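Quick note, the sequence shown lines up with residues 22 to 307 if you use our numbering.
Positions of the beta carbon are idealized from the N, C-alpha and C atoms, including for glycine.
Source: prediction; values computed, not measured.
Taking it in order: structure first as structure tokens, then the write-up.
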Amino acid sequence: MCTEINGKTALYCLIGSPVGHSASPQMYNEAFRRWGIHAVYLAFDIQEDQIAEAISAVRLLGIQGMNVTMPCKTEILPYLDDLSMEARLCGAVNTVVKEGERLKGYMTDGVGFAKNLLVHGCSIRDKKVTLCGSGGAGRAIQMQIVKEGARALSIFKRKNHTFAAQEKFAAQMHSLASSCRIQVFDLADQELFQKEVKDSDLLVNATNVGMAPKVEESILLEDACFHKDLTVADIVYHPDETRLLRKAREEGCKVIGGRGMLLKQGEEAFRLFTGLSVTWEERDDG
């Protein structure tokens, strides 16, 4: 946060719900201060049915950019003027930048996820990945996994009204990288889910299952599928260690929490906001 707020102070923000736990305001305000950028960053609790009003406010108040979190990542699309290629393909946005009088949506979750894996010494190339989740972040991560050269991707999601859309998206991804075997399964089939995990190199939770306050929830109902050669990554960062990660660690798996992904996708968003390339290090004190 800049030391002196005045009529020239630029405003950036986060929208979504809930946002009270978010580390983004601290992260961006520290960066603005460190690099001498005259701006502040706030968080606004916005539900899906409030997006139209929120975007009108962004335009009216001249907000320069914003991050978008659940549940607004897909619902915001009709209210934007332009989309990046990644945002258009995965049908979701997590960063919006004011470019002239137009609002352009970007998706940095996939890149942030992959960069966080590399920080922890985990490569996706030639690996079999099982992933749970097909929301905005889930799709971005799916696409990045395919781009990074995974040999197989098994996607599990609830068999609801969006299941067919996920199957269509999987077919689109396969056309971009035919060497990756992509399958979509019903998450309700826990026996098949565990079978796929047993045969995988990497398990990814790309949902909000396990996020506070529901910290005892997990995408896996049984822990018997964990094995010592499995890496388990969770995009949830509150708490730092979800039940899924705790159980995986206890069974000897390598575990990667979501805070590093938050930082890495934030680095890319900060570049889009300011034109500056920065590096944020994950700290034990959060």
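Where does residue i land, buried or exposed, given buried means 16+ other C-beta within 10 angstroms?
| i | result |
| --- | --- |
| Gly231 | buried |
| Gln165 | buried |
| Asp66 | exposed |
| Arg202 | exposed |
| Asn115 | buried |
| Ala73 | exposed |
| Thr300 | exposed |
| Gln193 | exposed |
| Asp130 | buried |
| Ser200 | exposed |
| Glu51 | exposed |
| Ser196 | exposed |
| Leu81 | exposed |
| Ser77 | exposed |
| Ser298 | exposed |
| Met106 | exposed |
| Leu139 | exposed |
| Gln163 | buried |
| Gly86 | buried |
| Ala186 | exposed |
| Asp250 | exposed |
| Lys235 | exposed |
| Gly169 | With the sequence shown as reference, residue 169 is identified as Glu, and Gly is not the correct amino acid for it. Counting Cβ neighbours within 10 Å, Glu169 comes out buried, since at least 16 surround it. |
May I ask you to report which of helix, strand or coil DSSP gives residue i?
| i | result |
| --- | --- |
| Ile145 | coil |
| Leu293 | helix |
| Met87 | strand |
| Val40 | coil |
| Phe247 | coil |
| Cys34 | strand |
| Gln204 | strand |
| Lys235 | coil |
| Val114 | coil |
| Ile72 | helix |
| Ser77 | helix |
| Ala198 | coil |
| Ile67 | coil |
| Ala173 | strand |
| Lys29 | coil |
| Tyr258 | coil |
| Val140 | helix |
| Leu167 | Going by the sequence as given, residue 167 is Val instead of Leu. Three-state result, Val167: helix. |
| Gly159 | helix |
Spell out the partners DSSP gives residue i in its beta bridges.
| i | result |
| --- | --- |
| Leu104 | Gly126 |
| Thr252 | Leu223, Lys275 |
| Glu120 | Arg123 |
| Thr263 | Thr263 is not bridged to any residue. |
| Arg178 | Checking the sequence shown, residue 178 turns out to be Lys, not Arg. Beta-bridge pairing links Lys178 to Asp207. |
| Leu152 | Ile176, Val225 |
| Tyr49 | Paired residues: none, contrary to the question. |
Please tell me whether residue i and residue j are closer than 9 angstroms, where the distance is taken between their beta carbons.
| i | j | result |
| --- | --- | --- |
| Lys180 | Asp207 | yes |
| Tyr33 | Phe294 | yes |
| Ala158 | Ala113 | yes |
| Gly126 | Leu110 | no |
| Tyr100 | Leu63 | no |
| Phe184 | Val205 | yes |
| Lys148 | Asp220 | no |
| Ser175 | Glu217 | yes |
| Gly36 | Ala60 | According to the sequence as given, residue 36 is Ile; it is not Gly. No, they are not a contact pair. |
| Gly279 | Val253 | no |
For the segment 126 to 136 against the segment 283 to 296, do three or more pairs of beta-carbon atoms, one drawn from each stretch, fall closer than 8 angstroms, so that the two count as touching? The segment 126 to 136 is in contact with the segment 283 to 296.
Cβ contact check for the segment 138 to 152 and the segment 118 to 127: 3 or more pairs under 8 angstroms: Touching, no, given that fewer than three Cβ pairs across the two stretches are closer than 8 angstroms.
Using 8 angstroms as the cut-off, can you tell me whether the segment 262 to 274 makes contact with the segment 244 to 251, which would need three or more C-beta pairs spanning the two stretches below that distance? Three or more Cβ pairs drawn from the segment 262 to 274 and the segment 244 to 251 lie within less than 8 angstroms of each other, which places the two stretches in contact.
Decide yes or no for the touch test of the segment 92 to 103 against the segment 47 to 64: beta carbon pairs closer than 8 angstroms, at least 3 of them. Counting Cβ pairs under 8 angstroms, fewer than three are found: no touch.
Quick check: the segment 214 to 224 against the segment 150 to 161, are at least 3 beta-carbon pairs closer than 8 angstroms? A contact exists between the segment 150 to 161 and the segment 214 to 224.
The segment 254 to 270 contacting the segment 27 to 40, beta-carbon criterion three pairs below 8 angstroms: No, the segment 254 to 270 does not touch the segment 27 to 40.
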